[in-house]
Structure formats: structure tokens, C-alpha cells
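Participant: Okay, so the sequence shown: first residue is 693 according to this note's numbering, each after it adds one.
Cβ coordinates follow ideal geometry from the N, Cα and C atoms, glycine included.
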Amino acid sequence: MDKQQQRGSWPTLAWKTATPQSLSMDIQLLKQLDEYARQTASLLSIVIVRSGIIIFEEYYHGWGQHHYHNINSVTKSVTSALVGIALQEGFLHSLDKPLLSFFPEYHTSQPDPRRERITLRHMLSMASGYALAPGGIETFLEDTASVVGMLDRPLEHEPGTHYNYDDMGAHLVALVLARCTGMPLHEFARQYLFDPLGIWQNDERIRDPWKTGEASAEKPHHYGVWSDQQAGLWSNDLQGNQIGGFGLQLTTREMARLGYLYLNQGIWNEQRILPANYIKDSWQAHSITNRGEKYGFFWFLSEYHGKRVNCAIGYGGQLIGFIPELDIVVASTSSPESGPPSNRIILNNFVIPAMQVEPGFNDIK
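The structure is reproduced here in C-alpha cells:
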């Protein structure tokens, strides 16, 4: 039987917890991880799940279980999941449809036949061929004020041939989703992804003070616009669209739920949330990053100690990592202002070495 068919419980409302030793994890290495985290000013939270059970959960520097954190570019992996759901539900029909076909109002004064060959598949792979906007993230709201302006950017490469990390491209994917579904992105996410997984259900939510307090309708920040009336915790562009590449807030446990969904091949509580073929495609290397890392559909496909580790990574140390071979999910948040990110250290130096034996799925009740 598949692992996901053998799960004894699903953490929609609450996670089961157990000691690391009970699931064959080296307690001494995890104690060292805790000590490392307490001495690392930037680390705010770490949750480790094995075989569907939390075996390590710690919060640091005033953070807590109910704190919502800006997960930065981990948002892109959530947007990727929503693309898979849109395919499954019939809102989208193909990843190979030209990007421009979703924007019939687009007309250019700078024709380039390569632009007409860009597909959603290229966008999800960070291989659209678009040149990056010179201002980068600091001018994101200004640069995304016009859909035509985003589409009309000059191209550097033939689509599908070069990796180029592109926040604006991820936002275009989110705009495609909003158009195809007829729903704001956060409402589509809530109905088809968050509600089934028990995400955004916490009445004790505490918003992330980082950036949130700086951005409002009166004083937008380049990371987005926040509205207290907005249903959810997701920053907007100047037109009120949720940003596809960053700005989503989740608790660390909610981040772990998303990793656990992928670990279970898109199944949650016997319900298919994500199509299996889309997940398989997401885990293929569609491009190679500037660091030589494989890249799928808004997922980094890494390897540590010979183990495949699929990662959603956000600026400043935000992480969802899952290791299919070991049945492990790791979620971690950090403060970008307090030091360099620690996500690779957590995985490479502590979590994977702490694994002692293969998990015994038949023992999970």
C-alpha cells in the first residue's frame, strides 16, 4: 500500500506529537539543533514531522505557535499548488497554453515572437526568458501596476532555455489563476486548499509584525499592501490582487501541513487535493538555478546526504522541506533582519543526520 493510504490520522485540526526516539530520531542531535537555534538570533521556529507526527516543535525569541509569519517566497510554492488544483478542478486545461492567451487585452509596441511562445509551464519553471526589472523587489508595486507593463518586458532568452528568478512572473501566474477561477486568489486558496487542510482556522492568530505594520492602503510598502478588512493574511498589489510570489502569512504548523500534503502525493484525509501527475511534474527538473540546483514548478529540488529534499524557500530563512525517502517534513521561519538564513544548516547538519532507521509506516496508528 502507498504511505498515504496507511496514515492513521490527519492533522486538519490538531497534530499528534511523540518523542523523537519513538520514531527513530537521534535525540542528541535534535538537542543540538535546539541549542543552535537558541543561539541563532534569526531563527524563530522549527517544526519537524515524521510519519505524520510532530517529533520536534520549538519557538524562539518571543515567537509562538499562533504567530503568523510572512513566508516570503515560500508563497510561490503555494501558488504552484493552486495551479495544480485549478487543473484538477477544470479551471485550467493545460500548462502549455500561451501566457498571452490569458490576457486578450494585451497589445505591444515592442513585438517579439518569443513572447508569444511563453507558456505557464515556462513561468512555473522560472524559465520564461523575461529580463528582470532593474529595480528588483524595491520597485515591485510600481512595476506590477500594469499587466501590459509586466507582459511587455524585454526578453533575454528563448522561453524554456534559461533560469531567471522572477517575482513578477510568479505574480503573473497568480493573475492567471484569478482570471481562470473568477475568484480572488486568497478565496480560491481558502476554498480548495486551506479549508481542507485546516489552514487559517486559528482564532488566536497573531499577525507577523514584520512588514505588515509598515504597509497599508495609505502607505503601501514595496512588499505589498495590507488591508485589515481583507479575508485572510496575504498582501496585495495596488489593484487589490494577492501577490503570487510573496506576502502570504502562515503559522509554522500550517507550513508543515502544506509539506505533508505534498509528502502524501496530494492526498489529505482520503481526499485528493492535488493531482498526482501535477505533483510528479512539479518534482521534475525543468530548469537549473544559478547555484546549479534543480528547479521544478516553484520548488527547489535539492539533495543532502544522498537524500532528495524538495524545498519551498523564502527570503531570510523561511522553509518548507520534505524528504520522501525518510517520511519527514521540516518547517522553519526566521527573521531576515536578524542574520543569515539557517534552512540549509537545519537540514544538512541536524535533521537528516538525526534519522536512525527507515520509518515503520505499519506502526503508525
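Tell me the DSSP secondary structure of Y751 in three-state form.
Facilitator: Residue 751 sits at position 59 when you count from the first residue of the sequence shown. Strand, per DSSP.
Participant: Less than 9 Å between the beta carbons of G958 and I971, yes or no?
Facilitator: Along the sequence shown, read from residue 1 onward, the residue named residue 958 stands at position 266. Along the sequence shown, read from residue 1 onward, the residue named residue 971 stands at position 279. Against a cut-off of 9 Å, the Cβ pair of I971 and G958 comes out as a contact.
Participant: Assign A710 to one of three DSSP states: helix, strand, or coil.
Facilitator: Position 18 of the sequence shown, counting from 1, holds the residue named residue 710. Coil at A710, not helix or strand.
Participant: If we count the other Cβ atoms within 10 Å of its Cβ and call it buried at 16 or more, is Y987 buried or exposed?
Facilitator: In the sequence shown, counting from the first residue as 1, residue 987 sits at position 295. Classification for Y987: buried.
Participant: Within the chosen definition, does the region 994-1001 reach the region 754-774 through at least 3 CB pairs nearer than 8 Å?
Facilitator: Judged by Cβ distances under 8 Å, the region 994-1001 makes no contact with the region 754-774, as fewer than three pairs qualify.
Participant: Which stretch, first to last residue, makes up the beta strand (DSSP E) that contains K999?
Facilitator: Sequence index remark: in the sequence shown, residue 999 carries index 307 (1-based). It spans 999-1006 - the beta strand (DSSP E) in which K999 sits, taken as one unbroken run.
Participant: Please identify the residue among E848, L779, Q780 whose C-alpha is closest to the C-alpha of R806.
Facilitator: Numbered from 1 along the sequence shown, position 114 holds the residue referred to as residue 806. For R806, the nearest C-alpha among the options comes from E848.
Participant: Give the straight-line distance between the Cα atoms of A837 and I1012, rounded to the nearest whole angstrom.
Facilitator: If you number the sequence shown from 1, residue 837 lands on position 145. If you number the sequence shown from 1, residue 1012 lands on position 320. Each residue's Cα considered, the two are about 30 Å apart.
Participant: Please say whether E962 and S734 have beta carbons closer to each other than 9 Å?
Facilitator: For this step, residue 734 is matched to residue 42 along the sequence shown. For this step, residue 962 is matched to residue 270 along the sequence shown. Not closer than 9 Å, so no.
Participant: Does the beta-carbon of G827 have 16 or more other beta-carbons within 10 angstroms, so that it is buried, or is it exposed?
Facilitator: Residue 827 sits at position 135 when you count from the first residue of the sequence shown. Result: exposed.
Participant: Starting from A1023, follow its DSSP beta bridges and name the residues at the other end.
Facilitator: As a working note, residue 1023 is residue 331 in the sequence shown. V739, I1012.
Participant: Would the region 871-890 count as touching the region 841-860 if we require 3 or more Cβ pairs under 8 Å?
Facilitator: Too few Cβ pairs lie closer than 8 Å, so no.
Participant: For T732, count the other beta carbons within 10 Å of its own beta carbon; 16 or more makes it buried, fewer makes it exposed. Which is it?
Facilitator: The residue you call residue 732 lines up with position 40 of the sequence shown. Looking at its Cβ environment, which holds 16 or more other Cβ atoms inside 10 Å, T732 is buried.
Participant: On the DSSP letters alone, give me the boundaries of the beta strand (DSSP E) that F992 sits inside.
Facilitator: Translated into positions along the sequence shown, residue 992 becomes position 300. Counting along the chain, the beta strand (DSSP E) containing F992 begins and ends at 992-996.
Participant: What three-state label does DSSP hand R806 in the structure shown?
Facilitator: Start at 1 with the first residue of the sequence shown, and residue 806 comes out as number 114. Residue state, collapsed to three classes: coil.
Participant: Run the CB neighbour count on P796, radius 10 Å, all protein chains shown included, and call it buried at 16 or more, exposed below.
Facilitator: One-based indexing of the sequence shown puts residue 796 at position 104. Label assigned to P796: exposed.
Participant: Identify every residue that forms a DSSP beta bridge with W960.
Facilitator: Taking the first residue of the sequence shown as position 1, residue 960 is located at position 268. The partner list for W960 (beta bridge, DSSP) reads Q963.
Participant: How far does the alpha helix (DSSP H) with Y728 in it reach, from first residue to last?
Facilitator: Mapped onto the sequence shown, residue 728 falls at position 36. Start and end: 719-730.
Participant: If you draw a straight line from the alpha carbon of S737 to that of A977, how long is it in whole angstroms?
Facilitator: Numbered from 1 along the sequence shown, position 45 holds the residue referred to as residue 737. Numbered from 1 along the sequence shown, position 285 holds the residue referred to as residue 977. Cα-Cα distance, rounded: 30 Å.
Participant: Going by the beta-carbon positions, is the gap between K708 and I746 smaller than 9 Å?
Facilitator: For the purposes of this step, residue 708 is identified with residue 16 of the sequence shown, where counting begins at 1. For the purposes of this step, residue 746 is identified with residue 54 of the sequence shown, where counting begins at 1. Yes, the pair counts as a contact, with Cβ atoms nearer than the cut-off.
Participant: Can you give the Cα-Cα distance for I1044 and S786, rounded to whole angstroms?
Facilitator: Numbered from 1 along the sequence shown, position 352 holds the residue referred to as residue 1044. Numbered from 1 along the sequence shown, position 94 holds the residue referred to as residue 786. Whole-angstrom Cα-Cα distance: 37 Å.
Participant: On the three-state DSSP scale, how would you describe H914?
Facilitator: Numbered from its first residue, the sequence shown carries residue 914 at position 222. Confidence at H914 is low in this model, with a pLDDT of 47, below 50, so its placement is unreliable and no value can be given for it.
Participant: Suppose you measure from the CA of R949 to the CA of M818; what does that come to, to the nearest Å?
Facilitator: Translated into positions along the sequence shown, residue 949 becomes position 257. Translated into positions along the sequence shown, residue 818 becomes position 126. R949 and M818: Cα-Cα distance of roughly 25 Å.
Participant: T944 lies in the alpha helix (DSSP H); which residues open and close that run?
Facilitator: As a first step, residue 944 must be located in the sequence shown, where it is residue number 252. Start and end: 944-955.
Participant: Sorted by chain position, which residues of the same chain lie with C-beta nearer than 7 Å to D804's C-beta, five sequence neighbours on each side aside?
Facilitator: If you number the sequence shown from 1, residue 804 lands on position 112. Within the same chain, D804 has close Cβ partners L847.
Participant: Please report how far the alpha carbon of G984 lies from the alpha carbon of I1037, in whole angstroms.
Facilitator: Position 292 of the sequence shown, counted from the first residue, corresponds to residue 984. Position 345 of the sequence shown, counted from the first residue, corresponds to residue 1037. Rounded to the nearest angstrom, the two C-alpha atoms are 18 Å apart.
Participant: Given this structure, state the Cα-to-Cα distance separating A710 from D929, to the nearest angstrom.
Facilitator: On the sequence shown, residue 710 is found 18 positions in, with the first residue counted as 1. On the sequence shown, residue 929 is found 237 positions in, with the first residue counted as 1. In a straight line, the C-alpha of A710 is about 42 Å away from that of D929.
Participant: From L722 to F1042, what distance separates their C-alpha atoms?
Facilitator: Stepping through the sequence shown from its first residue, residue 722 is reached at position 30. Stepping through the sequence shown from its first residue, residue 1042 is reached at position 350. Using only the alpha carbons, I get a separation of about 7 Å.
Participant: Considering only their Cβ atoms, is the gap separating L955 from F1014 smaller than 9 Å?
Facilitator: Position 322 of the sequence shown, counting from 1, holds the residue named residue 1014. Position 263 of the sequence shown, counting from 1, holds the residue named residue 955. For F1014 and L955, yes; Cβs fall inside 9 Å.
Participant: First and last residue of the alpha helix (DSSP H) that includes M815?
Facilitator: As a working mapping, residue 815 is identified with position 123 in the sequence shown. Its alpha helix (DSSP H) spans residues 812-816.
Participant: H878 by DSSP, collapsed to three states: which one?
Facilitator: Residue 878 sits at position 186 when you count from the first residue of the sequence shown. DSSP places H878 in helix when its eight states are reduced to three.
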